[in-house]
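Quick notes on the structure that follows.
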Amino acid sequence: MKSGYRLGRRFGWFWGAYGTSALGTWLAFGAFPLIAVQVLHAGPAEVAALASVGSLVGAAAAVPLGPWVEFRPKRPVLITMDLVRFAVLLTVPAAFVLGVLTFVQLLLVSVTVAAADITFRAASGAYLKTLLPAEHLLVANARFESTAWTTTMIGPPLGGVAVGLLGPVATVVADAVSHLLSALGIRAMGGGDEPQPAHRGTTRMRPGDVFDGWRHILADVALRPLFLNTALFNGLVMATQPLLAVLMLGPLGFAPWSYGLAFAAPSIGGLLGSRLSRPLVTRFGQHRVLVVAGASRAVWPVGLVFLGPGTGGLLLVIGVEFALIFCCGVFNPVCTTYRLERTATDRVARTLTAWAATSKAAAALLTAVWGVLGGLLGSRTAVGLAGVLLLATPLLLPRAGAAKKAAAEAPAGCS
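The structure is reproduced here in structure tokens:
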């Protein structure tokens, strides 16, 4: 193995902590809706609120934490967010055992976990930038991406088995424990030589500080279009998932196992794409890979409008999702690295918080809108409409002229 790929013991602990936490999250995928339906006998409106309101309120709650994270050492913040998720998730099985679990508690836990997730991601991006030299960031982000797709592939099937044997509450326990193990892994890294965060000009946070991340993104000629592209693309893709579930499990008559297979098997594409991201950047350059992969991922979802029943329909979904996820696997680590390079060290946490909060909010809002459209136009038509709109998202990718200007105006602390 080339020495350039050896990122050190401390990164190894960090990577392992991420993988453990991600696996726990995917093991518990869908656990809260199942608990709401099976244990609390919630209706469709309550289940929808659990997903959309939890994400929206959690994103809003995370925004003020961006400036707080920015001016603190990131490793303790990471450990704290893991422990917060561990503690609040454990309240669910505890309340279940005591017979006092309520829908309101599930909603509050969902909000808290969503806010902690965003804060953890912001702190981890800022920490990674200080942990590794700039030339290793793409390798590290590609490893995180490959781990994300691997856990996406194996977590839900294992979680399904656990739900069948032990019930959905058991997977929430597994998710909670995964965050505890993640905190222990990050603690085992040791403090190392993490640089002290920049000092604020004032000791008190001003109301306008919460908008600093958006100010930086919208003022940057390269980040602004990329930000709009990713928020719209991810939101439209997420908005079609419930409609595809209704279409496949309803009129088209797919069995639950084939529906799960249709979206689990293509995750191999993400694993392959993430492994290729660095070699492609080395050969073709960062901007070209960013634009080509970003544009290519928008081509495939419109094909789902032709979805039919039986083996042919299953193969169509697997093929479309594989191609889509492969392109995302190439694009995501390049985009993440580009974003870190374009952001000065003392702005990373605020920028990533604003980015993640906007993405979550856009996904929740577009999912709600497409739910209404699905009811009015039918699931297939709504999926096709999302696919057509996705074809326009490459227009928001950074252009070559903007990339050259951005490189010339690289902020302090970026390479």
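Numbering (the working numbering), first residue to last: -9 to 405.
C-beta: ideal position from N, C-alpha, C; glycine also.
Just so we're clear, the structure is a prediction, and the values are computed from it rather than from any experiment.
1. Take Gly175 as the anchor and find which of Val279, Leu261, Gly6 has the nearest alpha-carbon.
2. Can you name, in chain order, every residue of its own chain whose Cβ lies under 6 Å from the Cβ of Ser172, other than the five neighbours on each side?
3. In whole angstroms, give me the CA-to-CA distance for Leu262 and Ser286.
4. Reducing DSSP to helix, strand and coil, say where Thr140 ends up.
5. Going by the beta-carbon positions, is the gap between Gly225 and Ala353 smaller than 8 Å?
6. Output needed for His169: all residues of its chain with C-beta closer than 8 Å, excluding positions within five of it in sequence on either side, in chain order.
7. Just tell me which of Ala21, Arg0, Thr335, Gly300 has its CA closest to the CA of Val151.
8. Go ahead and pull the three-state DSSP assignment for Trp16.
9. Excluding the 5 residues preceding and the 5 following Val271 in the sequence, name in chain order all residues of the same chain whose CB lies nearer than 8 Å to its CB.
10. Name the two residues that bound the continuous alpha helix (DSSP H) containing Ala352.
11. Which of the three DSSP states, helix, strand or coil, is assigned to Gly403?
12. Only counting runs of 4 or more residues, tell me where the alpha helix (DSSP H) segments fall wholly within the segment 39 to 95, in order along the chain.
13. Given a cut-off of 8 Å on the beta-carbon distance, is the pair Leu386 and Leu218 in contact?
14. Is it buried or exposed for Gly(-6), if we count other Cβ within 10 angstroms and need 16 for buried?
15. Measure from the alpha carbon of Leu233 to the alpha carbon of each residue in Val211, Arg332, Val362, Ser45, then state which is nearest.
16. Can you tell me whether Ala26 is buried or exposed, with buried defined as 16 or more other CB within 10 angstroms of its CB?
17. Under 8 Å between the Cβ atoms of Pro388 and Leu222?
18. May I ask you to report which of helix, strand or coil DSSP gives Pro215?
19. Only counting the same chain, and skipping five residues up and downstream in sequence, which positions put a Cβ closer than 6 Å to that of Ala358?
20. Would DSSP call Ser(-7) helix, strand or coil?
21. For Gly275 and Ser264, I'd like the C-alpha separation in whole angstroms.
22. Starting from Val29, follow the alpha helix (DSSP H) in both directions and report where the run begins and ends.
23. Please state if the CB of Glu311 and the CB of Phe253 are separated by a distance shorter than 8 Å.
24. Helix, strand or coil for Phe244 per DSSP?
A quick look at the data gives this:
1. What you label residue 175 is simply residue 185 of the sequence shown in a count that begins at 1. The candidate whose alpha carbon is nearest that of Gly175 is Gly6.
2. Looking up residue 172 in the sequence shown gives position 182. Here the set comprises Ala7, Thr10, Ser11, Asp72.
3. Walking along the sequence shown from the start, residue 262 turns up at place 272. Walking along the sequence shown from the start, residue 286 turns up at place 296. C-alpha separation (whole angstroms): 15 Å.
4. The residue you call residue 140 lines up with position 150 of the sequence shown. In this structure, Thr140 counts as helix in the three-state DSSP scheme.
5. Indexing the sequence shown from 1 puts residue 225 at position 235. Indexing the sequence shown from 1 puts residue 353 at position 363. In contact: Gly225 and Ala353 (Cβ atoms closer than 8 Å).
6. Against the sequence shown, residue 169 aligns to sequence position 179. Hits under 8 Å: Ser11, Gly14, Asp72, Leu73, Arg75, Phe76, Leu79.
7. By one-based count along the sequence shown, residue 151 stands at place 161. Minimum Cα distance to Val151 is reached at Ala21.
8. Sequence index remark: in the sequence shown, residue 16 carries index 26 (1-based). Helix at Trp16.
9. In the sequence shown, residue 271 corresponds to position 281, counting from 1. The residues are Leu128, Val279, Val324.
10. For the purposes of this step, residue 352 is taken as the residue at position 362 of the sequence shown. Residues 338 to 367.
11. On the sequence shown, position 413 is the one that residue 403 refers to. Here Gly403 scores only 39 on pLDDT, less than 50, and its place in the model is too uncertain to base an answer on.
12. 55 to 60, 64 to 88
13. What you label residue 386 is simply residue 396 of the sequence shown in a count that begins at 1. What you label residue 218 is simply residue 228 of the sequence shown in a count that begins at 1. Taking 8 Å as the Cβ cut-off, Leu386 and Leu218 qualify as a contacting pair.
14. Along the sequence shown, read from residue 1 onward, the residue named residue -6 stands at position 4. In this prediction, Gly(-6) scores a pLDDT of 44, lower than 50, which makes its location untrustworthy; the coordinate-derived value is nonetheless stated afterwards. Label assigned to Gly(-6): exposed.
15. Walking along the sequence shown from the start, residue 233 turns up at place 243. When each option's Cα is compared against that of Leu233, the closest is Val362.
16. As a working mapping, residue 26 is identified with position 36 in the sequence shown. Under this definition Ala26 is a buried residue.
17. Residue mapping note: residue 388 aligns to position 398 of the sequence shown, counting from 1. Residue mapping note: residue 222 aligns to position 232 of the sequence shown, counting from 1. Cβ atoms of Pro388 and Leu222: not closer than 8 Å.
18. As a position in the sequence shown, residue 215 is number 225, starting the count at 1. Helix at Pro215.
19. Here residue 358 is taken as the residue at index 368 of the sequence shown, counted from 1. Here the set comprises Ser42.
20. Against the sequence shown, residue -7 aligns to sequence position 3. Annotation note: pLDDT 40 at Ser(-7) (below 50); position unreliable, coordinate value reported separately. The answer is helix: DSSP assigns Ser(-7) an H, G or I state.
21. Sequence index remark: in the sequence shown, residue 275 carries index 285 (1-based). Sequence index remark: in the sequence shown, residue 264 carries index 274 (1-based). Answer to the nearest angstrom: the Cα atoms are 16 Å apart.
22. Within the sequence shown, the letter at position 39 stands for residue 29. Per DSSP, Val29 belongs to no alpha helix (DSSP H) and is neither H nor E.
23. Residue mapping note: residue 253 aligns to position 263 of the sequence shown, counting from 1. Residue mapping note: residue 311 aligns to position 321 of the sequence shown, counting from 1. Against a cut-off of 8 Å, the Cβ pair of Glu311 and Phe253 comes out as a contact.
24. Working through the sequence shown from its first residue, we reach residue 244 at position 254. If DSSP states are grouped into helix, strand and coil, Phe244 belongs with coil.
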